[in-house]
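4 protein chains.
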Amino acid sequence: MPARPTFSVGLIGTGFMGKAHSNAWRQAPRFFDLAAEIRMTAICGRDRAVTSRAAKKLGWESSTSDWRAVVADPGIDIVDICTPNNLHAEIAIAAARAGKAVLCEKPLARDAREAERMVEAVRRARVVNMVCHNYRRVPAIALAKQMIQAGEVGDQIYHFHARYAQDWIGNEKFPLVWRLQSRFAGSGALGDIGAHVIDLARYLVGEIDEVSATSETFVKSRPLEAKKSVRGRVDVDDATAVIGKFRNGALLNFEVTRFAHGRKNQLVFEINGSSGSVAFDLEEMNYLRFFRTADAIGRGGFRDILVTEPSHPYVARWWPPGHLIGYEHTFVHTIADFVNAVAAERTVRPNFADGLRNQRVMDAVMRSTRRRSCIKF
Amino acid sequence: MPARPTFSVGLIGTGFMGKAHSNAWRQAPRFFDLAAEIRMTAICGRDRAVTSRAAKKLGWESSTSDWRAVVADPGIDIVDICTPNNLHAEIAIAAARAGKAVLCEKPLARDAREAERMVEAVRRARVVNMVCHNYRRVPAIALAKQMIQAGEVGDQIYHFHARYAQDWIGNEKFPLVWRLQSRFAGSGALGDIGAHVIDLARYLVGEIDEVSATSETFVKSRPLEAKKSVRGRVDVDDATAVIGKFRNGALLNFEVTRFAHGRKNQLVFEINGSSGSVAFDLEEMNYLRFFRTADAIGRGGFRDILVTEPSHPYVARWWPPGHLIGYEHTFVHTIADFVNAVAAERTVRPNFADGLRNQRVMDAVMRSTRRRSCIKF
Amino acid sequence: MPARPTFSVGLIGTGFMGKAHSNAWRQAPRFFDLAAEIRMTAICGRDRAVTSRAAKKLGWESSTSDWRAVVADPGIDIVDICTPNNLHAEIAIAAARAGKAVLCEKPLARDAREAERMVEAVRRARVVNMVCHNYRRVPAIALAKQMIQAGEVGDQIYHFHARYAQDWIGNEKFPLVWRLQSRFAGSGALGDIGAHVIDLARYLVGEIDEVSATSETFVKSRPLEAKKSVRGRVDVDDATAVIGKFRNGALLNFEVTRFAHGRKNQLVFEINGSSGSVAFDLEEMNYLRFFRTADAIGRGGFRDILVTEPSHPYVARWWPPGHLIGYEHTFVHTIADFVNAVAAERTVRPNFADGLRNQRVMDAVMRSTRRRSCIKF
Amino acid sequence: MPARPTFSVGLIGTGFMGKAHSNAWRQAPRFFDLAAEIRMTAICGRDRAVTSRAAKKLGWESSTSDWRAVVADPGIDIVDICTPNNLHAEIAIAAARAGKAVLCEKPLARDAREAERMVEAVRRARVVNMVCHNYRRVPAIALAKQMIQAGEVGDQIYHFHARYAQDWIGNEKFPLVWRLQSRFAGSGALGDIGAHVIDLARYLVGEIDEVSATSETFVKSRPLEAKKSVRGRVDVDDATAVIGKFRNGALLNFEVTRFAHGRKNQLVFEINGSSGSVAFDLEEMNYLRFFRTADAIGRGGFRDILVTEPSHPYVARWWPPGHLIGYEHTFVHTIADFVNAVAAERTVRPNFADGLRNQRVMDAVMRSTRRRSCIKF
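Residue numbers (the working numbering), protein chains in the order written: chain H, 1 to 377; chain B, 1 to 377; chain W, 1 to 377; chain P, 1 to 377.
In structure tokens, the structure reads:
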């Protein structure tokens, strides 16, 4: 076996995602046999002191407040982008031009135009690129994919029905964070959590052909973060509902909202096919529910598959059957697959092209909402 | 106390609904203190022998195959219509003209035009009229209504999200029954089970303002019932997905399908408001799930309210706490309320006017599906 | 087909069980093809006025306050005993001697000695006899029985694990009803709900070989029903826990309590065998959960079998798949089977001999509690 | 703030627990603000090559196959024991005598006599000592403890009812691993998973006063690990059922088994008190179910508390609300608390004295099984 290469990683962003990705960079080599060694070289954040402390806590060798320095550093092999959405394109394009492999948080961009430029940049630079739709690598969801591909729910898919519901901005006093402003976020619930749903729809069922959508902003102004006595306008969707069709004829229906009190991070979906169904709930993420028409008469029923068996995707590297994993593990799986792809110089999905297709669906959803009609691709 | 009147009932229809209504006519006086005595006078069906046996089994004094005779019979006070949808209008209008109180199975009609004529007929005749949307009288749903009215989920409703999923025609060999032909049924999944969802949406949240919809017929031809070797065209929807808005600003999203393998009669809905949420599943119909933001910090969570307490709607007449009731009981509650309304000569909801509004939503859904755009009322 | 006989029924008791049995006598002929016609001839209760009203409401032709008159009436074929436990033996023995078929509420008696006399009486009189352990005829439980008999959980049973939890006497102010006094009830939670558990254990797994038990009376005195200011001693168990073994080597573990706040009528059990498991919860009584080791690798999981298919026991007579039944239906099934057995003059289980074996287990449980040691049969 | 000390850790054991503890030693400083720096100095295992690889993979600076060298090393501050049970006492006593803080996997020992010697050793050495009953630090269980202490389930506890069910040795061909031999393990399901249940019972409810028990070994011989054609005797319990009482009068009932097909790692418990109940299931470990009698009439029901709020124990250090954690996190919490206790030189629970009390309960359970009578402490 030749010596494994070592990849130096630069991470941009110190928020929730910066913490989650840092954990994944630390943990991936401990549980997976990666094709490369990982050096957690640099973390970058706006605030120098905060970033310096984060570097120490999260395991990075150095810290900086200048993302351009990270991207320009010839010692860096991989750039991992965990910033607000408005910076994704600029950083990713610069990183690609500098020949870095790029992992970018979702949604890839604020709109399809930005995403197109990003795809073009990685295509030209021939760098490995990936969007961090980490839910593809929930073991239960990866299992659903295997089962669908193996025909276990049938030749034909009838329905993809999903809801992603949270409640963290349900309180009117919650401030106008960047996720509630279109210039930073592109869209609201749609881009934040809808992007995940669209990615899963494409991953599990196929390309989307047409959409009709409606959306609402329930709380139209909110206190500024910097000055609570002043209110600013919320110009993104608080909730969006979408119906449509896939190219293969399946019906699409999903709803995303941050106004569902009691639902903390509930991504549920159900897929019905011609010989079975699968159902998933992110708040019980170690389970996949599965119905098959082939079960003996009178013995059919949705099965609670506890997706912790060695045969299940990713699971063998963790703990024995019945020992649950959590949210953070999905990032470990994503980064493990990404590192192996970078080492092999091969494509890994979802890549930027997937991110662009996702963005086109989101753009169509927003267009449909404005035009009040069905948008066909 | 004056002597209670006695109401003679004539029931038209001997199928699934005829059986369910017969049971309710028998049971209502056993468990509820009705304002009238009930005489189960006549049942009417197409097949004379079948109907005669049904009369005996189900508890009717007489049987006939001529619905006009029932409607014309001066001894009949109440006509209960359990026929296929295409006969609802003709029978109901005749019954109203004959001065009978009328209970009609859902959907009220095949389209709004028919429904308008029915509303006009009962209005002119001033007869008590009701559509049998029995799910309003599931105790858990009636409880949800009480709670919403009392403001327990907040001043503002954000979402009504529902899915009614069955799988009984999922098999391609299932024959072309009347429910799959528009001339008998009006529409497919929409009219059959979507009508229930729309009724609950209106009951629990309010009037609908606009809808966008898409639908699909997955199996486009099926064996004729009479001659299995010949196939006929399915000209109704197998599944329909709808998004829209209520007048009060809430988002509407529902999907109805008979192609969800593993879902036998799964009507689930969730309503999210500004200070709480309720969720329901017809396959666990004795429960209502309830979340309130006012719960102590760290102690919040959806509660499984087992709706079998004496304080819960309709429940005190049945069994002690913890003893479940089933599907058939919702008809008993409906008929008990109907009888009391007839005795008091007052309106009972959902009445034909509700049925008409329901039908208008369904018509708009079908129009939206064809026009591929949002339909505003 | 010869003309069906007509059985005249006399019911003793007008409480909760009197109401539940009355409903079953009314409903059984409506849904099942019984081998006999049913005449609901007489109901008997202590209070003449109450009983007269009950007769009318519940559908009985006549009422009386003298159970001996019912038992002595040559026109009566079947005596159905729904009284407090202390009267079971006397009435049942008299009824048997009078040649009546006897259905008796559980527990059969207050102790094994009483039960032995009852068994002896029906044996001598050669009358059909049955104990109303209605839960055997919950469709999901009857299905579990079929599956166990067919070997679907394996050749060997390892565990019968059950808990029957209620909370209706959790409040200290709840009065000293007859169920809390040993001279009427025999025992407390044990005889009331433990008798059900023992019956299911015997039905589903086999005869019990030995038991160890412990019990507690949490609230030792309570207000008298007649005079709330005076307190009387509670001399029965509020909760009892039992472990032991079946003759076939399976482990037995069950607990019964009326002090489990939030549990209204939660009878849960799980049976684990050498190739599968079944689990049941009375508060979701239309479901049976089933695990089989033979499922494909990575596809195993407990299935939620919704026991509403035509192939499931008793279900075809009710409603289409997915339409739930409730508590009261279990009595209808019991009475339908009882009537057919009476007509055929054959045994129906659980009969008085089963009731006696059940009582012997209960006696052993109480003895073990006192002696603080394992009691072997 | 004074400089934080640095603790050098030596871990003995490279199996499942060695991996889980290693992860916790790595992760604890990343998420918690520990009172000391951690140096992962040495890992020790029987096989030199395996241990060397494990050291690299798991993050240890060095490896050895001589546990005495670790214990004797003056540079080591903390010894963490993850060996089979038969080595716990010897290593722990040596480590204590060498002045090390000691963390020991459960069960503390094979019997109470061994455990007494261990308690004596740490008492004399005055070293901080802890048994790794990691489930105390499942956030949902730590929350249950807080709630019970605050009186949220009432002044009086009525029931502790638990079942810990697995199925990993259900297959008869599974070999005779050390956990199935009493000289290594002490007992079977009892010591392995029953020890957890007893620890939780004592933690949440209080000291146990008396027990009666029964147990079974369903598969009495198994293939040797080294030579599959030869079978050796299983001399430990495959399943054990226990009933008893706590000093405070509560009833105890628990069952542990590795023969419950379909249950992978299902530790469920329910505690019923005079004004509420809590229920937990390790296979849905991010939830605590809670019922309170004080809820408004008709609004009561078990709440699914998703224990991922910042106010919940340990949770604030991980992810935002609704983002699940898993099995491994409970070790991180345990080690974080242990490190802080070592730094402060104070007791942390469960300590060796708890382990001894736990062992005394287990010894009594085994004695009761043999003597077939109730054992009082």
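Ideal placement from N, C-alpha and C gives every residue a C-beta, glycine not left out.
Keep in mind that this is a model prediction, so the values were computed, not measured.
Item checked: One or two residues paired with A185(W) in a DSSP bridge -> Its beta-bridge partners do not exist; DSSP assigns none.
Next item on the list: Please decide whether T214(H) counts as near chain B, where near means a Cβ-Cβ distance under 8 Å.
Entry: yes
Item checked: Contact belief for Q43(P) with W67(P) at Cβ below 8 Å, rounded distance in angstroms -> Sequence check: residue 43(P) is Ile here, not Gln. About 10 Å separates the two Cβ atoms, so there is no contact after all.
Next item on the list: State yes or no: is the C-beta of A241(H) within less than 8 Å of the C-beta of N253(B)?
Entry: yes
Checklist line | Nearest to G151(H) (by Cα), restricted to the options R299(H), G300(H) and R292(H) | finding: R292(H)
Note to self: For a contact defined as C-beta to C-beta under 7 Å, what are the partners of K57(B) on chain W?
What the structure shows: R30
Next item on the list: Determine, using beta-carbon pairs with one atom in the segment 264–274 of chain H and one in the segment 222–242 of chain H, whether at least three such pairs fall under 8 Å.
Entry: no
Item checked: Option in L34(H), T14(H), Q146(H) and A96(H) with minimal Cα separation from A49(H) -> T14(H)
Next item on the list: Counting only the same chain and skipping the five closest in sequence on each side, list residues whose C-beta sits under 8 Å from that of I38(H).
Entry: T6, F7, V9, W25, A28, P29 and V339
Margin query: Contact between the segment 182–195 of chain H and the segment 292–308 of chain H is defined here as three or more beta-carbon pairs at a separation below 8 Å; is this criterion met?
Written below: no
Checklist line | Coarse secondary structure for G273(W), derived from DSSP in three states | finding: strand
Next item on the list: State yes or no: is the beta carbon of N248(H) nearer than 8 Å to at least one beta carbon in chain B?
Entry: no
Item checked: At least 3 beta-carbon pairs within less than 8 Å: the segment 122–138 of chain H vs the segment 94–102 of chain H -> yes
Item checked: Same chain, Cβ closer than 8 Å to F218(H), neighbours up to 5 away in sequence not counted -> D238, A239 and F259
Check: For the segment 263–289 of chain P, which residues have a beta carbon sitting closer than 9 Å to at least one beta carbon of chain H?
Finding: R263, K264, N265, Q266, L282, E283, E284, M285, N286 and Y287
Next item on the list: Determine whether the Cβ of P84(H) lies closer than 8 Å to any Cβ atom of chain P.
Entry: no
Check: Out of I76(W), R46(W), P74(W) and L34(W), which has the shortest C-alpha to C-alpha gap to K382(B)?
Finding: A query on residue 382(B) cannot be resolved here, the shown segment of chain B reaching from 1 to 377 and no further.
Next item on the list: Have a look at S22(P) and L11(P) and give me their C-alpha separation to the nearest angstrom.
Entry: 8 Å
Next item on the list: Give, in chain order, every residue of the segment 319–340 of chain P whose Cβ lies closer than 8 Å to some Cβ of chain H.
Entry: W319, P320, P321, G322, H323, L324, I325, G326, Y327, E328 and H329
Notebook entry, point to check: Mind pulling the chain W residues with CB within less than 9 Å of I297(H)?
Noted result: E309 and S311
Check: Beta-carbon of Q396(B) versus every beta-carbon of chain W: anything under 8 Å?
Finding: What the structure shows of chain B is the stretch from 1 to 377, and residue 396(B) is not part of that stretch, so it cannot be assessed.
Check: Excluding five sequence neighbours on each side, which residues of the same chain lie with their C-beta closer than 6 Å to the C-beta of A385(H)?
Finding: Nothing can be reported for residue 385(H), as the shown portion of chain H is limited to 1 through 377.
Checklist line | Proximity test, Cβ basis, 8 Å: L204(W) and chain H | finding: no
Item checked: Separation of H333(P) from K109(P), as counted between CA atoms -> Note on identity: in this sequence residue 109(P) is Ala, with Lys being the wrong assignment. Their Cα atoms are separated by approximately 23 Å.
Check: Mapping DSSP to helix, strand and coil, what is N23(W)?
Finding: helix
Next item on the list: Give the range of the alpha helix (DSSP H) segment to which A140(B) is assigned.
Entry: P139 to Q149
Next item on the list: Could you pull out every unbroken beta strand (DSSP E) segment of at least 3 residues lying fully inside the segment 66–138 of chain P, listed in chain order?
Entry: 78–81, 101–105 and 129–132
Note to self: Less than 8 Å between CB atoms is the rule here; does R317(P) satisfy it with respect to chain B?
What the structure shows: no
Next item on the list: Quick one: give me the first and last residue of the beta strand (DSSP E) that M40(W) is part of.
Entry: E37 to C44
Note to self: Quick check: the Cα distance between L224(W) and I91(W), rounded to an integer number of angstroms?
What the structure shows: 27 Å
Item checked: Through-space distance from R179(W) to R222(W), alpha-carbon basis -> 12 Å
Checklist line | Rounded separation between K145(B) and V342(W) - CA only | finding: 47 Å
Note to self: Tell me which residues share the same chain as G194(H) and place their Cβ nearer than 8 Å to its Cβ, disregarding the 5 neighbours each side in the sequence.
What the structure shows: Y164, S187, T240, V242, F254, V256, M362 and V365
Margin query: Using beta carbons (cut-off 8 Å, strictly below), is Y314(P) in contact with chain W?
Written below: no
Check: Using the beta-carbon count (16 or more within 10 Å), is F31(B) buried or exposed?
Finding: buried
Notebook entry, point to check: When you compare only the Cα positions, how much space is there between D155(P) and E328(P)?
Noted result: 34 Å
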